[in-house]
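The working numbering numbers the first residue of the sequence shown as 1 and each following residue consecutively.
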Amino acid sequence: MNRKVIITCAVTGSGDTVGKHPAIPVTPEQIANSAIEAAAAGAAVAHIHVRDPDTGTFSRELELYREVVERIRESDSDVIINLTAGMGGDLVLDEQNPSVAVEGTDMANASERLAHIEALLPEICTLDCGSLNFGNSLYVSTPAMLRQMAARVKEIGVKPELEIFDSGNLVFALQMMKEGLLDDKPLFQLCLGIPWGAPADTATMKLLSDMVPANANWAGFGISRMQMPMVAQAMLLGGNVRVGLEDNLFLDKGVFASNGQLVERAVGIVEGLGAEVATAAQAREMLGLRGLQ
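Structure follows, in C-alpha coordinates:
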(Lines of atoms letter the chains of each structure in order from A and count residues from 1; the text may use other names and numbers.)
(Lines give C-alpha, C1' and ligand atoms only; values in the text may rest on other atoms or scores of the structure.)
Protein backbone atom coordinates (compact mmCIF):
# COMPACT_ATOMS: atom_id res chain seq x y z
CA MET A 1 0.00 0.00 0.00
CA ASN A 2 1.14 3.52 -0.74
CA ARG A 3 1.77 5.25 2.59
CA LYS A 4 1.85 8.80 1.23
CA VAL A 5 -0.70 9.49 -1.49
CA ILE A 6 -0.83 12.36 -3.98
CA ILE A 7 -4.36 13.49 -4.82
CA THR A 8 -4.95 15.11 -8.21
CA CYS A 9 -8.17 16.98 -8.91
CA ALA A 10 -9.30 17.06 -12.56
CA VAL A 11 -11.25 20.29 -12.31
CA THR A 12 -13.47 20.53 -15.39
CA GLY A 13 -12.38 18.42 -18.37
CA SER A 14 -13.66 18.98 -21.90
CA GLY A 15 -16.70 16.72 -22.00
CA ASP A 16 -20.33 17.67 -22.57
CA THR A 17 -21.08 18.09 -18.87
CA VAL A 18 -22.22 21.71 -18.58
CA GLY A 19 -25.89 20.82 -19.07
CA LYS A 20 -25.61 17.83 -16.76
CA HIS A 21 -24.37 19.63 -13.64
CA PRO A 22 -25.46 23.02 -12.28
CA ALA A 23 -21.97 24.28 -11.44
CA ILE A 24 -19.34 22.96 -13.86
CA PRO A 25 -16.43 25.43 -13.84
CA VAL A 26 -16.47 27.21 -17.21
CA THR A 27 -14.85 30.65 -17.03
CA PRO A 28 -11.15 31.07 -16.23
CA GLU A 29 -12.08 32.57 -12.86
CA GLN A 30 -14.36 29.63 -12.02
CA ILE A 31 -11.75 27.08 -13.10
CA ALA A 32 -8.98 28.77 -11.11
CA ASN A 33 -11.18 29.15 -8.03
CA SER A 34 -12.21 25.50 -8.26
CA ALA A 35 -8.56 24.42 -8.47
CA ILE A 36 -7.76 26.51 -5.40
CA GLU A 37 -10.78 25.03 -3.60
CA ALA A 38 -9.59 21.51 -4.42
CA ALA A 39 -6.12 22.30 -3.14
CA ALA A 40 -7.52 23.63 0.13
CA ALA A 41 -9.42 20.35 0.50
CA GLY A 42 -6.26 18.28 0.08
CA ALA A 43 -5.36 18.02 -3.61
CA ALA A 44 -1.67 18.51 -4.35
CA VAL A 45 -2.22 18.70 -8.13
CA ALA A 46 -4.86 20.47 -10.22
CA HIS A 47 -5.37 19.03 -13.71
CA ILE A 48 -6.76 21.76 -15.93
CA HIS A 49 -8.66 22.11 -19.18
CA VAL A 50 -10.28 25.35 -20.30
CA ARG A 51 -13.67 26.01 -21.84
CA ASP A 52 -15.18 28.71 -24.03
CA PRO A 53 -16.73 31.09 -21.46
CA ASP A 54 -19.73 31.77 -23.69
CA THR A 55 -20.65 28.24 -24.75
CA GLY A 56 -19.04 26.00 -22.13
CA THR A 57 -17.53 23.82 -24.83
CA PHE A 58 -13.87 22.73 -24.91
CA SER A 59 -11.21 25.20 -25.99
CA ARG A 60 -7.50 25.30 -26.80
CA GLU A 61 -7.28 29.10 -26.50
CA LEU A 62 -3.95 30.17 -25.03
CA GLU A 63 -5.29 33.29 -23.34
CA LEU A 64 -7.88 31.27 -21.43
CA TYR A 65 -5.12 29.00 -20.11
CA ARG A 66 -3.01 32.05 -19.31
CA GLU A 67 -5.75 33.62 -17.21
CA VAL A 68 -6.36 30.40 -15.25
CA VAL A 69 -2.66 29.87 -14.57
CA GLU A 70 -2.05 33.49 -13.57
CA ARG A 71 -5.01 33.47 -11.18
CA ILE A 72 -3.71 30.34 -9.46
CA ARG A 73 -0.13 31.55 -9.31
CA GLU A 74 -1.22 34.92 -7.90
CA SER A 75 -3.22 33.21 -5.15
CA ASP A 76 -1.88 31.86 -1.87
CA SER A 77 -2.19 28.28 -3.13
CA ASP A 78 0.93 26.27 -3.90
CA VAL A 79 -1.02 23.63 -5.85
CA ILE A 80 0.90 21.94 -8.67
CA ILE A 81 -0.49 22.98 -12.06
CA ASN A 82 -1.02 20.17 -14.56
CA LEU A 83 -2.26 21.42 -17.94
CA THR A 84 -3.77 19.11 -20.50
CA ALA A 85 -1.90 18.78 -23.79
CA GLY A 86 -4.45 16.33 -25.11
CA MET A 87 -6.75 18.75 -26.89
CA GLY A 88 -6.58 18.70 -30.68
CA GLY A 89 -7.06 14.97 -31.21
CA ASP A 90 -10.83 14.67 -31.67
CA LEU A 91 -11.82 13.13 -34.99
CA VAL A 92 -15.47 12.57 -35.95
CA LEU A 93 -16.02 10.94 -39.33
CA ASP A 94 -19.00 10.91 -41.66
CA GLU A 95 -20.29 7.35 -41.36
CA GLN A 96 -21.24 7.18 -45.03
CA ASN A 97 -18.06 8.86 -46.24
CA PRO A 98 -15.33 8.25 -43.65
CA SER A 99 -12.80 10.28 -45.60
CA VAL A 100 -14.72 13.38 -44.46
CA ALA A 101 -14.42 14.84 -40.95
CA VAL A 102 -17.64 16.32 -39.58
CA GLU A 103 -18.76 18.61 -36.76
CA GLY A 104 -17.01 17.87 -33.48
CA THR A 105 -13.62 17.34 -35.10
CA ASP A 106 -10.73 19.28 -33.59
CA MET A 107 -7.37 18.18 -34.93
CA ALA A 108 -4.06 19.90 -34.19
CA ASN A 109 -0.44 18.97 -34.76
CA ALA A 110 2.09 18.34 -32.00
CA SER A 111 3.35 21.93 -31.87
CA GLU A 112 -0.17 23.33 -31.69
CA ARG A 113 -1.07 20.96 -28.85
CA LEU A 114 1.90 22.27 -26.86
CA ALA A 115 1.51 26.01 -27.56
CA HIS A 116 0.10 26.82 -24.11
CA ILE A 117 2.59 24.48 -22.42
CA GLU A 118 5.54 26.29 -23.97
CA ALA A 119 4.07 29.70 -23.13
CA LEU A 120 3.06 29.01 -19.52
CA LEU A 121 5.50 26.28 -18.37
CA PRO A 122 3.34 24.35 -15.92
CA GLU A 123 5.11 21.83 -13.73
CA ILE A 124 3.19 18.96 -15.39
CA CYS A 125 1.37 18.47 -18.69
CA THR A 126 -0.45 15.41 -19.96
CA LEU A 127 0.51 13.24 -22.92
CA ASP A 128 -2.26 10.89 -24.11
CA CYS A 129 -0.20 7.89 -25.15
CA GLY A 130 -2.17 6.52 -28.08
CA SER A 131 -5.21 6.69 -30.31
CA LEU A 132 -8.51 5.30 -29.07
CA ASN A 133 -12.15 4.72 -29.93
CA PHE A 134 -13.33 7.33 -27.42
CA GLY A 135 -17.07 6.88 -27.03
CA ASN A 136 -18.62 7.52 -30.44
CA SER A 137 -15.63 9.39 -31.86
CA LEU A 138 -11.91 8.82 -32.31
CA TYR A 139 -9.10 10.29 -30.30
CA VAL A 140 -5.94 10.54 -32.40
CA SER A 141 -2.44 10.71 -30.95
CA THR A 142 0.07 9.12 -33.30
CA PRO A 143 3.50 7.73 -32.38
CA ALA A 144 5.18 10.51 -34.36
CA MET A 145 3.18 13.19 -32.55
CA LEU A 146 3.93 11.67 -29.17
CA ARG A 147 7.65 11.38 -29.82
CA GLN A 148 7.76 15.03 -30.88
CA MET A 149 5.74 16.17 -27.87
CA ALA A 150 7.74 14.08 -25.39
CA ALA A 151 11.03 15.43 -26.71
CA ARG A 152 9.80 19.02 -26.54
CA VAL A 153 8.39 18.91 -23.00
CA LYS A 154 11.59 17.25 -21.79
CA GLU A 155 13.55 20.07 -23.43
CA ILE A 156 11.55 22.80 -21.70
CA GLY A 157 11.56 21.09 -18.31
CA VAL A 158 7.90 20.14 -17.97
CA LYS A 159 7.06 16.72 -16.48
CA PRO A 160 4.80 14.71 -18.80
CA GLU A 161 2.00 12.78 -17.15
CA LEU A 162 1.60 9.77 -19.42
CA GLU A 163 -2.13 9.13 -19.84
CA ILE A 164 -2.76 5.40 -20.25
CA PHE A 165 -6.18 4.39 -21.61
CA ASP A 166 -5.25 0.83 -22.55
CA SER A 167 -2.32 -1.57 -22.30
CA GLY A 168 -0.91 -0.67 -25.71
CA ASN A 169 -0.61 2.96 -24.59
CA LEU A 170 1.63 1.83 -21.74
CA VAL A 171 3.73 -0.35 -24.04
CA PHE A 172 4.36 2.69 -26.25
CA ALA A 173 5.23 4.85 -23.24
CA LEU A 174 7.81 2.24 -22.24
CA GLN A 175 9.20 2.42 -25.75
CA MET A 176 9.60 6.19 -25.42
CA MET A 177 11.52 5.54 -22.19
CA LYS A 178 13.89 3.21 -24.07
CA GLU A 179 14.41 5.93 -26.69
CA GLY A 180 15.40 8.48 -24.04
CA LEU A 181 12.39 10.71 -24.65
CA LEU A 182 11.32 10.65 -20.98
CA ASP A 183 13.24 11.51 -17.84
CA ASP A 184 14.43 8.91 -15.35
CA LYS A 185 11.43 9.25 -13.05
CA PRO A 186 8.39 9.03 -15.37
CA LEU A 187 4.82 9.65 -14.24
CA PHE A 188 1.93 7.45 -15.40
CA GLN A 189 -1.82 8.04 -15.05
CA LEU A 190 -4.01 4.94 -15.49
CA CYS A 191 -7.30 6.19 -16.96
CA LEU A 192 -9.98 3.55 -16.45
CA GLY A 193 -13.59 3.30 -17.52
CA ILE A 194 -13.49 5.44 -20.67
CA PRO A 195 -15.59 3.88 -23.44
CA TRP A 196 -13.90 1.98 -25.14
CA GLY A 197 -10.70 1.86 -23.21
CA ALA A 198 -9.53 -0.19 -20.26
CA PRO A 199 -12.33 -0.95 -17.78
CA ALA A 200 -12.37 0.38 -14.23
CA ASP A 201 -11.88 -2.80 -12.24
CA THR A 202 -9.32 -4.38 -9.94
CA ALA A 203 -7.90 -6.83 -12.48
CA THR A 204 -7.23 -4.13 -15.07
CA MET A 205 -5.65 -1.70 -12.63
CA LYS A 206 -3.45 -4.52 -11.31
CA LEU A 207 -2.43 -5.51 -14.84
CA LEU A 208 -1.48 -1.99 -15.82
CA SER A 209 0.20 -1.08 -12.54
CA ASP A 210 2.33 -4.22 -12.80
CA MET A 211 3.59 -2.92 -16.17
CA VAL A 212 4.77 0.38 -14.68
CA PRO A 213 8.57 0.31 -14.18
CA ALA A 214 10.03 0.40 -10.68
CA ASN A 215 11.56 3.86 -11.09
CA ALA A 216 8.22 5.45 -12.03
CA ASN A 217 5.40 7.12 -10.14
CA TRP A 218 1.83 6.29 -11.07
CA ALA A 219 -1.74 7.22 -10.28
CA GLY A 220 -5.05 5.75 -11.32
CA PHE A 221 -8.68 6.74 -11.55
CA GLY A 222 -12.08 5.44 -12.57
CA ILE A 223 -14.90 7.49 -14.00
CA SER A 224 -18.47 7.97 -12.79
CA ARG A 225 -19.58 5.65 -9.97
CA MET A 226 -16.19 3.91 -10.02
CA GLN A 227 -14.32 7.05 -9.02
CA MET A 228 -14.12 6.36 -5.29
CA PRO A 229 -13.66 2.57 -5.52
CA MET A 230 -10.66 3.21 -7.77
CA VAL A 231 -9.27 5.71 -5.23
CA ALA A 232 -9.08 2.88 -2.72
CA GLN A 233 -7.82 0.40 -5.28
CA ALA A 234 -5.04 2.64 -6.59
CA MET A 235 -3.61 3.43 -3.18
CA LEU A 236 -3.79 -0.21 -2.07
CA LEU A 237 -1.78 -1.16 -5.15
CA GLY A 238 0.84 1.46 -4.35
CA GLY A 239 -0.34 4.31 -6.56
CA ASN A 240 -1.64 7.84 -6.26
CA VAL A 241 -5.20 8.93 -7.01
CA ARG A 242 -7.33 11.31 -9.04
CA VAL A 243 -10.84 12.65 -8.53
CA GLY A 244 -12.77 15.64 -9.88
CA LEU A 245 -15.67 16.84 -11.98
CA GLU A 246 -13.90 15.89 -15.21
CA ASP A 247 -14.48 12.25 -14.33
CA ASN A 248 -17.55 12.19 -12.09
CA LEU A 249 -20.37 14.65 -11.36
CA PHE A 250 -21.86 13.14 -8.21
CA LEU A 251 -20.94 12.87 -4.55
CA ASP A 252 -23.65 10.29 -3.95
CA LYS A 253 -26.50 9.00 -6.12
CA GLY A 254 -28.49 12.05 -7.22
CA VAL A 255 -26.30 14.47 -5.24
CA PHE A 256 -24.18 16.81 -7.34
CA ALA A 257 -20.58 17.25 -6.18
CA SER A 258 -18.10 20.08 -6.12
CA ASN A 259 -14.42 19.49 -6.71
CA GLY A 260 -13.71 20.29 -3.09
CA GLN A 261 -16.23 17.71 -1.90
CA LEU A 262 -14.78 15.02 -4.15
CA VAL A 263 -11.29 15.73 -2.84
CA GLU A 264 -12.57 15.63 0.74
CA ARG A 265 -14.15 12.24 0.06
CA ALA A 266 -10.85 10.98 -1.38
CA VAL A 267 -8.95 12.30 1.65
CA GLY A 268 -11.31 10.34 3.90
CA ILE A 269 -10.69 7.14 1.96
CA VAL A 270 -6.91 7.58 1.95
CA GLU A 271 -6.71 8.39 5.65
CA GLY A 272 -9.33 5.80 6.57
CA LEU A 273 -7.17 3.12 4.97
CA GLY A 274 -4.16 4.18 7.01
CA ALA A 275 -2.19 6.37 4.59
CA GLU A 276 -1.29 10.07 4.56
CA VAL A 277 -2.25 12.68 1.98
CA ALA A 278 0.79 14.31 0.40
CA THR A 279 1.12 18.08 0.48
CA ALA A 280 2.05 19.93 -2.71
CA ALA A 281 5.61 20.32 -1.43
CA GLN A 282 5.86 16.60 -0.69
CA ALA A 283 4.37 15.76 -4.10
CA ARG A 284 6.97 17.91 -5.84
CA GLU A 285 9.72 15.94 -4.15
CA MET A 286 8.05 12.58 -4.83
CA LEU A 287 7.54 13.37 -8.52
CA GLY A 288 10.88 15.07 -9.09
CA LEU A 289 9.36 18.37 -10.20
CA ARG A 290 11.33 21.51 -10.72
CA GLY A 291 9.18 23.47 -8.21
CA LEU A 292 7.41 26.80 -8.39
CA GLN A 293 8.82 29.40 -10.78
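Where a beta carbon is used, it is the ideal one built from N, C-alpha and C, also for glycine.
Small disclaimer: the values here were computed from a predicted structure and weren't measured.
Beta-carbon proximity of residue i to residue j, cut-off 9 Å
i	j	result
Phe-319	Val-158	This structure gives no information on residue 319, because the portion of the chain shown stretches from 1 to 293.
Ala-44	Val-79	yes
Val-5	Ala-275	yes
Ala-280	Ala-41	no
Leu-127	Glu-161	yes
Ala-198	Ile-164	yes
Ala-219	Leu-245	no
Ile-81	Ala-150	no
Gly-86	Met-107	no
Leu-249	Thr-17	yes
Pro-186	Ala-216	yes
Leu-237	Leu-273	no
Val-68	Pro-22	no
Ile-32	Arg-71	In the sequence on display, residue 32 carries Ala and not Ile. Yes. Within cutoff.
Val-140	Ile-117	no
For residue i, three-class secondary structure by DSSP
i	result
Lys-42	For the sequence presented, residue 42 should be read as Gly rather than Lys. Three-state DSSP puts Gly-42 in coil, outside helix and strand.
Ser-75	coil
Lys-20	helix
Ile-269	helix
Gly-89	strand
Leu-237	coil
Lys-4	strand
Ser-137	strand
Gly-222	strand
Arg-51	strand
Thr-209	The question names Thr, but residue 209 in the sequence shown is Ser. Looking at Ser-209 - three-state DSSP - the assignment turns out to be helix.
Leu-83	strand
Gln-293	Below a pLDDT of 50, predicted positions are generally treated as unreliable, and Gln-293, at 47, falls in that range; no measurement from the model is reported.
Ala-280	helix
Thr-126	strand
Ala-101	strand
Ser-258	coil
Ser-59	strand
Val-69	helix
Val-243	strand
Glu-29	helix
CB contact check: residue i to chain C, cutoff 9 Å
i	result
Asp-128	Of the protein chains in this structure there is only one, and it is not chain C.
Separation of residue j from residue i, as counted between CA atoms
i	j	result
Gly-358	Ala-232	Since the first residue shown for the chain is 1 and the last is 293, residue 358 is missing from the structure and cannot be characterised.
Leu-289	Glu-155	14 Å
Leu-83	His-49	7 Å
Leu-170	Arg-147	14 Å
Arg-242	Glu-95	35 Å
Gly-13	Phe-58	8 Å
Leu-182	Ala-46	22 Å
Leu-138	Pro-195	11 Å
Lys-20	Gly-254	12 Å
Gly-130	Val-11	23 Å
Pro-122	Glu-37	19 Å
Glu-285	Gly-239	16 Å
Arg-73	Ile-24	22 Å
Val-26	Gly-56	6 Å
Residue span of the beta strand (DSSP E) that contains residue i, given as start and end
i	result
Thr-8	7-10
Leu-189	One point to set straight first is that residue 189 is Gln, not Leu, in the sequence displayed. Segment 187-192, the beta strand (DSSP E) holding Gln-189.
Pro-213	Note, Pro-213: premise wrong, no beta strand (DSSP E); not H, not E.
Glu-155	No beta strand (DSSP E) contains Glu-155, which is instead part of the alpha helix (DSSP H) from 143-156.
Glu-161	159-164
Leu-251	250-252
N-terminal and C-terminal residue of the alpha helix (DSSP H) that residue i is part of
i	result
Ala-132	According to the sequence provided, residue 132 is Leu. The question's Ala does not apply to it. Unbroken run through Leu-132 is the beta strand (DSSP E), 132-134; no alpha helix (DSSP H).
Ser-111	110-113
Leu-181	Element bounds for Leu-181: n/a, residue is neither H nor E.
Leu-121	From DSSP, Leu-121 is part of no alpha helix (DSSP H); its letter is neither H nor E.
Heavy atom of the ligand HEM within 8 Å of residue i beta-carbon
i	result
Met-226	Of ligands this structure carries none, so the ligand HEM is not represented either.
The segment 175-182 / the segment 192-202 touching (three or more Cβ pairs under 8 Å): Of all C-beta pairs linking the segment 175-182 to the segment 192-202, fewer than three are shorter than 8 Å, placing the two stretches out of contact.
The segment 60-72 / the segment 250-270 touching (three or more Cβ pairs under 8 Å): no
Touch test, the segment 263-270 against the segment 227-245, Cβ-Cβ under 8 Å, three pairs minimum: Contact between the segment 263-270 and the segment 227-245 is present, with at least three C-beta pairs closer than 8 Å.
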